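I have placed the structure first, in the form of structure tokens, so that the comments after it can refer back to it.
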Amino acid sequence: MLSRVAENLYWLGRYLERVENIARMARVEHDVMLESGQEIWHSLVSTTASNQLFWDTLIESPELTHSEFLIHSMQNPASLRSTLVRARELARGLREHISREVWEEINALYLFLALRKEYIANDIHEFCTETQRRTQTILGLYDNTVLRDEGREWFRCGMYLERADMTSRIIDAKYHILLPGEDAVGGAFDRFQWMAVLRSASAREAYRRMGNNEVDGIQVAQLLIFSQEFPRSLAFCVQALQRHCQLATTQTPNRRRAAAERGIALLHLDLGATDMDQLIDEGLHEFLDGFQQRLIEIDRAITDNIFRAEPNAGAAQRQSQHAVQPNANVDQG
Amino acid sequence: MGVVMANELLRDYQTAGSSDDEMFDEAGAFRADYRDLGQTLQGWTLEEHLQREERADLSLLSAGITFNVYSEEEGTERIFPFSLIPRVIGAQEWSQIEAGLKQRLRALNLFLLDVYGDQRIIKERVIPGEIVLGSPGYLPEMAGFQPPLGIYAHIAGCDLVRDKQRGMVVLEDNLRTPSGVSYVLENRTVMLRVVPELFPRQGVRAVTDYPNQLLGTLLSVSPADSTDRPRAVLLTPGIYNSAYFEHSFLSNQMGIPLVEGSDLTVGDDDYVYLRSTTGLERVDVVYRRIDDDFLDPEVYRPDSMLGVPGLMRAYLKGHVSLVNAPGAGVADDKVVYRWVPEIIRFYLDEDPILPNVDTFSPLIASELDHIRAHARDLVIKPANASGGYGVLIGEQASSAELEDTLAQVEAEPRNWIAQPLLQFSSIPTFDGERLKPRRADLRPFVLSGRETWVIPGGLTRVALREGSYIVNSSQGGGSKDTWVLNEEPA
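Written as structure tokens, this is what we have:
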């Protein structure tokens, strides 16, 4: 498969997953804000983008609210809209690698967003629900209409890597509630916050079905970090990333894929060798921060060694490519 | 067949000269090829027409069938305005057009082979050498090179218009990277979906074979030493190019990789390779949709980020085939065009089946005099621009514009041609209120490989403004489906 195409499919997976996560988090935060009367958008801004950029942008546009910055602003490269515009741009360049259904649905979502010239705060709920629903439709269509070739594995790699990152950020945004010594630990506001975390990760039903009667921060973090069954947990995503990366690189020379595979395998092993007690002792925030850092390293290994490696062209290369040609036609399907 | 009873759609259908409309004859009755279509339209209310127009536009927009407009902000996309009323061509007339196009492309390919070979046509003084060798499309590095099968212009788009006196005439040839064929295929898809009731009883010729024919053409010119599974790719300038949709569409339809310049590399062995996640893979045929100038920064524009360094070296060694061949532009030069009838006679010893438009070149003294004397009746065109830019229509220009252009013509005679203003035909086109006559041209696509093949019909482009002669999409033109009837109407 063409390196550029592989890289763009990987990023299409990342961006679509990011759009869905921002929409979900924004919808939950919107509800929380209405009920609690507390302005908590700033925590979401720091989860997804940079606070500094927000304050810088505010100087130019003093009317800008946190929620507009997060959802609609094109000045924020991590906003829902910016991310979607980039995803759609990539999809335009990948039309022969995705099905017509997937393309039309991505384009429809783009038109749905692009046609909204103005940002209306009261529309957040409807807007985010619709975006989330459409993104899920795209991911479902992708799974059911796109050829299961190398490209699809890269798409999945991007999706799971992004999801692991996003889930870790959702927990990180609320980690301080778990810190000992704070007054309201275990109180009603806490439960309210943890319910919001579960909803932000689409995990409320899963949490209940795991047999948890109490809404308890430790149990919530346990589910979102270690569950082997919940498809948004860190452990689940890393395992999926490992599987899809292996499938994507079956034809890739060892020296090109080694760094990425080693990074993923070590992360998977380390997660398996840790438990909740240890995380509380050693600091949840430090753990999540380190986890995100390792995802960045894995991303870099995939990008530098697989997508952008500079092979030598020459007579020797020509001989070997003739030998592998029948297998190398995966992207012609 | 009497005069047509006008419904709300066709009320006040005023044709510019009333005799140059494709649907109606001079007496105001439907022409035979349009009779079925016209009768169905008479049964439509305005509301029904509007609904179908909207469905068609929505279908094109959601499919992302859009083009980029250079003059606007980067990334600005528009749908190519689509008009539901098709152009209809009878089976008999079509077979004439088809024969004419095949003849023309056979001759033009022989001309190119000669220009870069023995130059017999210059030695025998059929066309002045300075016109051929002075063409910006002439590439000296191609001299003496013989491409596979001796073909330069594998994919051609010839622009035809229907002239009141002479019938279908060739307005210009596009032999470098003609675009628009994806709209032919997509327009048909939309028509089948939105207005199935309009299709005539005898059916229309299908256009869906184009991608298969195109792939066959590409592979037919693979280098002699390629494997038994040659690999073709489509080279695009990228997503900001105005024809990007088409590049993506065609590569998808043919199942070949769509690549950008940076996806290809030329090895020490002077072969062309694709950068893949598993290593390098040889490329045999490059269907390039970038201009000659940008192909290879080692040979042409060094600032080109679109091309592939070393590509010309690989090509001239016969290690890869380029489609169309570099240098084909010398044969679609608007000045060389003036000599195409002579070119056809010279190589084929046949009379042209499709006539040229009378064309005057200011390089010839008597023709320069004619241009000066009849400027108001002429269209003066830059010889080497496309997209309808820089065209001056004598009868519509101000005196100052006319003087200015004539001064340029005299200063640089190689860069200009003049032609009479053709009263070319109109086809009913919806303007938001009702159907109005709008002028249209036709671009059939001709493929030349082992055999020559013409798409049945082609792209009908229509001027959307009243009285306008400019049909180019970049200047606000629209398109229509083109129907070649399977057989003559009863």
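Sequence lines, in order, name chains L and W.
Whatever position you read off the first sequence (first residue = 1), add 75 for the working numbering.
Whatever position you read off the second sequence (first residue = 1), add 497 for the working numbering.
Virtual Cβ for every residue (Gly too), placed ideally from N, Cα, C.
Only a predicted model underlies this, so the values are computations on that prediction, with no experimental measurement involved.
1. Against chain L, with Cβ distances strictly below 8 Å, would W:G561 count as a contact?
2. List, in chain order, every chain W residue whose beta-carbon is nearer than 7 Å to that of L:E171.
3. With which residues is W:E778 paired in a DSSP beta bridge?
4. Report the partner residues of W:E669 according to the DSSP bridge assignment.
5. Span of the beta strand (DSSP E) holding W:S904?
6. Could one say the Cβ of W:T714 lies closer than 8 Å to chain L's Cβ atoms, at least one of them?
7. Express the C-alpha separation of W:E627 and L:A81 in angstroms, rounding to a whole number.
8. Should W:S896 be labelled buried (16 or more other beta-carbon atoms within 10 Å of its own) or exposed?
9. Would W:E571 be called buried (16 or more neighbouring beta carbons within 10 Å of its own) or exposed?
10. Would you list the residues sitting across from L:T132 in a DSSP beta bridge?
11. Quick check on DSSP: helix, strand or coil for W:P578?
12. How about W:G946 and W:G647: do their beta carbons lie closer than 8 Å?
13. Consult DSSP for W:Q920 and reduce its assignment to one of helix, strand or coil.
14. Under a CB-based cut-off of 8 Å, is L:E149 close to chain W?
15. Taking buried to mean at least 16 other C-beta atoms within 10 Å of its own C-beta, is W:S717 buried or exposed?
16. Let me know if W:H871 comes out buried or exposed under the rule of 16 or more other beta-carbons within 10 Å of its beta-carbon.
17. Taking only beta-carbon atoms, is L:A81 less than 8 Å away from chain W?
18. Taking 7 Å as the cut-off, is the CB of W:H871 close to at least one heavy atom of the ligand GDP?
19. Just the C-alpha distance for L:A246 and L:A281, rounded to the nearest angstrom, thanks.
20. May I ask you to list, following chain order, the residues of the segment 773–798 of chain W that have a beta carbon less than 8 Å from some beta carbon of chain L?
21. Measuring alpha carbon to alpha carbon, tell me which residue in W:L711, W:R911, W:D790 and W:L534 is nearest W:Y834.
22. In chain order, what residues of the same chain have a beta carbon less than 8 Å from the beta carbon of W:G764, not counting five sequence neighbours either side?
23. Under a three-way DSSP split, which group does W:A513 fall into?
24. CB-CB under 6 Å to W:E569, same chain, minus the five flanking residues each way: which ones, in chain order?
25. I think W:R438 touches W:S556, with their Cβ atoms under 8 Å apart; what is that distance to the nearest whole Å?
26. List the residues of chain L whose Cβ lies closer than 9 Å to the Cβ of W:D760, in chain order.
27. Output, in chain order, the set of chain L residues within a Cβ distance shorter than 8 Å of W:I736.
28. In chain order, what residues of the segment 82–100 of chain L put their CB closer than 7 Å to some CB of chain W?
29. Compare the Cα-Cα distances from W:R698 to each of W:D530, W:Y768, W:H546 and W:P708 and report the closest residue.
30. For a cutoff of 8 Å on Cβ pairs, would you count W:L682 as touching chain L?
31. On the DSSP bridge assignment, give the partners of W:T705 in chain order.
32. With C-beta atoms as the reference, is L:M100 less than 8 Å away from L:S243?
33. If you follow the beta strand (DSSP E) that W:W950 is in, where does it begin and where does it stop?
34. Under 8 Å between the Cβ atoms of W:L956 and W:R935?
35. Less than 8 Å between the C-beta atoms of W:A880 and W:K933, yes or no?
36. Do you know offhand how far W:E743's Cα is from L:N329's?
Working from what's here:
1. yes
2. S745, S748, N749 and L755
3. W:L771
4. W:D656
5. The displayed chain sequence assigns Ala, not Ser, to residue 904 of chain W. Here W:A904 belongs to no beta strand (DSSP E); instead the alpha helix (DSSP H) covers S896 to A908.
6. no
7. 49 Å
8. exposed
9. For W:E571, the pLDDT reaches just 40, beneath the cut-off of 50, and the residue's location in the model is therefore unreliable, leaving the point undetermined.
10. Per DSSP, none; premise fails for L:T132.
11. coil
12. no
13. coil
14. The sequence as given places Met at residue 149 of chain L; Glu does not occur at that position. No, because no Cβ of chain W sits closer than 8 Å to the Cβ of L:M149.
15. buried
16. exposed
17. yes
18. Absent from the structure shown: the ligand GDP. Ligands present: none.
19. The question names Ala, but residue 246 of chain L is Ile in the sequence shown. Between L:I246 and L:A281, the C-alpha separation is close to 16 Å.
20. S773, T774, T775, G776, L777, E778 and R779
21. W:R911
22. Y770 and L777
23. Low per-residue confidence applies at W:A513: pLDDT is 46, beneath 50, and the placement is therefore not dependable, though the value from the model is reported in the following sentence. In this structure, W:A513 counts as coil in the three-state DSSP scheme.
24. Model confidence at W:E569 stands at a pLDDT of 43, short of 50, so the residue's coordinates are unreliable and nothing is read from them.
25. It is not possible to answer for residue 438 of chain W, since the shown part of chain W is limited to 498 through 987.
26. L77, S78, R79 and V80
27. E164, R167 and G168
28. none
29. W:D530
30. no
31. None; W:T705 has no bridge partner.
32. no
33. T949 to V951
34. no
35. no
36. 37 Å
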